[in-house]
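Heads up: the sequence shown is residues 640 to 1071, going by my numbering. Backbone N, C-alpha and C fix where the C-beta goes; we use that ideal spot for every residue, glycine too. Remember, it's a predicted structure, so these values are computed and weren't measured experimentally. Read the structure below first, then the notes.
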Amino acid sequence: MREGLRGLTTRGRSFLAAAVAAAVSAGILGEKDLLRVAVLLAVLPLLAAAYVGRSRYKLACNRSLDPHRVPVGASSRVVLRLQNMSRLPTGTLLLEDRLPYALGSRPRVVLERLGAHQASSVAYTVRADVRGRYEVGPLVVRLTDPFGLCELTRAFPSTDHLTVIPQVAPLPSVRLPGEYAGSGDSRARSVAVHGEDDAATREYRMGDDLRRVHWKSTARTGELMVRREEQPWESRATVVLDTRAYGHRGDGPTASFEWAVSASASVAVHLRQAGYKLRLVTGSGADVDASEAGGDGLLLDQLAEVRLDQRAEVTALVQRVRQRADGGLIIAVLGTLSTAEAELLAGLRANGATCVGFLMDSSTWLTLPEKARAEAEQAHAAAALVLLQSGWRVIGVDHGSRLPAVWPQAGRGSQGFAVRAALAETVAGGMR
């Protein structure tokens, strides 16, 4: 009851004030009828406080998100299930789920009444246009009487998280110039000095099928040998995301960095679906192995929270890629580079990897004077030429470029080499 009195609304307190005024007036004027009115005005908020206070701490809440991971611009449905755990019906319930600003305004839902042990569900939708991992909740329940004289607030501590991942664009199938680790059609099968039979056999182990015994090798080595199981073809790829703050331009969802994040997600998912053993490296320090089951979700969760880094440098990014020299294919989504930074990236070819770079001219995300535009284009072409001369395959990206349209240039064929030759010729002409 005491807590209920503390929860009196402005209306309820006004009733009590009016009751006191009416009682004082009744005493001064000697009007018994006015005293009855004073008693009525005082009893109403007291009854409301008792009515609301009796159902406290007897509610259970459950929240579910469907889905809990959505791309930018998509909606998720939040379902709240509220159950009255007591034997007494509740009053009117006002539900308010706390949301971060990026998910919109806080939803407010009214439940008129919950009977004894009765449950009711309400739902609302949220939508985010900015990547990130957002906390949904806690739920705040306001218990009130039908007249609005008393209101008590209860908060459920449980929260859920909604992950807003970057947009993933479907990419056309192209034959990529990647190398293979292990067995593959682009790398010869290793053969031991004694011939192919030795490369295809191993010592017998308890439990091996006797039908796999290789008698010729057994006779030569004097030990029981069995045929090896065929090794699966294994393609390896590393997706590199440049997170240098000074390498990107623009703000909000249309910034060059958002294009880069979406492109990295699209390329990574495409390669995963093509059977690549995938690794994601970012300039902010992330190094994600997305080869196991559920790798897509792990990768997209990482890209959902990646941010520009003021301290990120190309030197650290190159070292991080080299820490695990898996070889294979390297696809890098790069912001604006200087020629010195391009030379550092060119060193990745020393590991025998095939390197493909989506080189963004982030200055096109800005409106620049004609002279500044020409200088930016010349610097962009110079960095591209350094990468081309080191053996990189370079795809230029300007504001308005669509990844599915430029993706075929990453594959084999005359189109990609023609673009490289034309770009090199343009740079050479500009330098003269």
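Open item on the list: Given this structure, state the Cα-to-Cα distance separating Cys700 from Arg645, to the nearest angstrom.
Closed with: Position 61 of the sequence shown, counted from the first residue, corresponds to residue 700. Position 6 of the sequence shown, counted from the first residue, corresponds to residue 645. Taking the straight line from one Cα to the other gives about 24 Å.
Open item on the list: What does the alpha-carbon distance come out to for the pair Val927 and Arg720?
Closed with: What you label residue 927 is simply residue 288 of the sequence shown in a count that begins at 1. What you label residue 720 is simply residue 81 of the sequence shown in a count that begins at 1. Going from the Cα of Val927 to the Cα of Arg720 covers about 37 Å.
Open item on the list: Taking 9 Å as the threshold (C-beta atoms), are Glu952 and Arg1041 in contact?
Closed with: Indexing the sequence shown from 1 puts residue 1041 at position 402. Indexing the sequence shown from 1 puts residue 952 at position 313. In this structure, Glu952 does not lie closer than 9 Å to Arg1041 by Cβ.
- [ ] Go to Arg875, then tell me how far its alpha helix (DSSP H) extends in each direction, as first and last residue.
- [x] On the sequence shown, residue 875 is found 236 positions in, with the first residue counted as 1. Not the alpha helix (DSSP H): Arg875 falls in the beta strand (DSSP E), residues Ser874 to Leu880.
Task: Stretch-stretch touch, CB-based, cutoff 8 Å, three pairs: the region 933-951 with the region 884-904 - done: yes
Task: Buried versus exposed, by CB contacts within 10 Å (16 or more), Ser812 - done: Taking the sequence shown and counting its residues from 1, the one referred to as residue 812 is at position 173. If you draw a 10 Å sphere on the C-beta of Ser812, you find fewer than 16 other C-beta atoms in it, and that means exposed.
- [ ] Quickly, what does DSSP pair Ser760 with across the bridge? List them, please.
- [x] To locate residue 760, count along the sequence shown from 1; it is residue 121. Answer is Arg720, bridged to Ser760.
TODO: Could you have a look at Asp890 and say whether DSSP puts it in helix, strand or coil?
DONE: In the sequence shown, counting from the first residue as 1, residue 890 sits at position 251. Correct three-state label for Asp890: coil.
Open item on the list: Cutting at 8 Å between CB atoms, please list the residues of its own chain near Gly730, excluding the five before and the five after it.
Closed with: Residue mapping note: residue 730 aligns to position 91 of the sequence shown, counting from 1. Around Gly730, the same chain offers Tyr690, Val691, Ser694, Arg752, Leu782, Thr783, Asp784 and Pro785 as residues with beta carbons nearer than 8 Å, after the five sequence neighbours per side are excluded.
Task: Residue range of the unbroken beta strand (DSSP E) whose run includes Phe654 - done: Position 15 of the sequence shown, counted from the first residue, corresponds to residue 654. Phe654 -> not in any beta strand (DSSP E); alpha helix (DSSP H) instead, spanning Thr649 to Leu668.
Open item on the list: Among the candidates Ala758, Thr975, Leu939 and Val878, whose CA atom is the shortest distance from the CA of Asp1000?
Closed with: On the sequence shown, residue 1000 is found 361 positions in, with the first residue counted as 1. Closest option to Asp1000, Cα to Cα, is Thr975.
- [ ] Could you tell me which uninterrupted alpha helix (DSSP H) segments, each at least 4 residues in length, are contained entirely in the region 931-968, listed from first to last along the chain?
- [x] 934-944 and 953-961
Open item on the list: Less than 6 Å between C-beta atoms, sequence neighbours within five positions excluded: which residues of the same chain meet that for Phe1056?
Closed with: Counting from 1 along the sequence shown, the entry for residue 1056 is found at position 417. Interpretation of Phe1056 is limited by its pLDDT of 40, a score under 50 that renders its predicted location unreliable; the figure taken from the coordinates is listed afterwards. For Phe1056, where only same-chain residues beyond five positions count, there are no Cβ hits under 6 Å.
- [ ] Confirm, please, whether the CB-CB distance from Leu939 to Pro805 is below 9 Å.
- [x] As a first step, residue 805 must be located in the sequence shown, where it is residue number 166. As a first step, residue 939 must be located in the sequence shown, where it is residue number 300. Their beta carbons are under 9 Å apart, which means Pro805 touches Leu939 by this criterion.
Open item on the list: Going by DSSP in three states, Pro1047 sits in which element: helix, strand or coil?
Closed with: On the sequence shown, position 408 is the one that residue 1047 refers to. Three-state DSSP puts Pro1047 in a helix.
TODO: Could you tell me the distance, in whole angstroms, from the CA atom of Tyr843 to the CA atom of Thr978?
DONE: If you number the sequence shown from 1, residue 843 lands on position 204. If you number the sequence shown from 1, residue 978 lands on position 339. Roughly 56 Å between the two C-alpha positions.
Task: Secondary structure of Tyr625, DSSP reduced to three states - done: Look at the range of the chain in this structure, 640 to 1071, and you will see that residue 625 is not part of it.
TODO: From the DSSP output, in three-state form, read off His707 for me.
DONE: Indexing the sequence shown from 1 puts residue 707 at position 68. Coil.
- [ ] Determine the contact status of Arg963 and Cys994, defining contact as a CB-CB distance below 9 Å.
- [x] Walking along the sequence shown from the start, residue 963 turns up at place 324. Walking along the sequence shown from the start, residue 994 turns up at place 355. Against a cut-off of 9 Å, the Cβ pair of Cys994 and Arg963 comes out as no contact.
Task: Residue burial classification, Trp854 (beta-carbon count within 10 angstroms, cutoff 16) - done: Taking the sequence shown and counting its residues from 1, the one referred to as residue 854 is at position 215. Exposed.
Task: Gly771 - DSSP class collapsed to helix/strand/coil - done: Indexing the sequence shown from 1 puts residue 771 at position 132. Gly771 falls in the strand class under three-state DSSP.
Task: Endpoints, the alpha helix (DSSP H) within which His1038 is located - done: Along the sequence shown, one-based indexing puts residue 1038 at 399. Careful: His1038 lies outside any alpha helix (DSSP H) and carries neither H nor E.
Task: For Val807, the three-state DSSP class (helix, strand or coil) - done: Looking up residue 807 in the sequence shown gives position 168. It is coil, neither helix nor strand.
Open item on the list: What does the Cβ neighbour count give for Thr764, buried or exposed, with the cut at 16 atoms within 10 Å?
Closed with: Against the sequence shown, residue 764 aligns to sequence position 125. Looking at its Cβ environment, which holds fewer than 16 other Cβ atoms inside 10 Å, Thr764 is exposed.
Open item on the list: Measuring straight from C-alpha to C-alpha, what distance separates Thr1006 and Arg1012?
Closed with: Within the sequence shown, residue 1006 is the residue found at index 367, counting from 1. Within the sequence shown, residue 1012 is the residue found at index 373, counting from 1. Taking the straight line joining both Cα atoms gives about 8 Å.
TODO: Grab the span of the beta strand (DSSP E) containing Phe795 for me, first residue to last.
DONE: For the purposes of this step, residue 795 is identified with residue 156 of the sequence shown, where counting begins at 1. Note, Phe795: beta strand (DSSP E), Glu790 to Phe795.
Open item on the list: If you follow the alpha helix (DSSP H) that Thr860 is in, where does it begin and where does it stop?
Closed with: Indexing the sequence shown from 1 puts residue 860 at position 221. Counting along the chain, the alpha helix (DSSP H) containing Thr860 begins and ends at Trp854 to Thr860.
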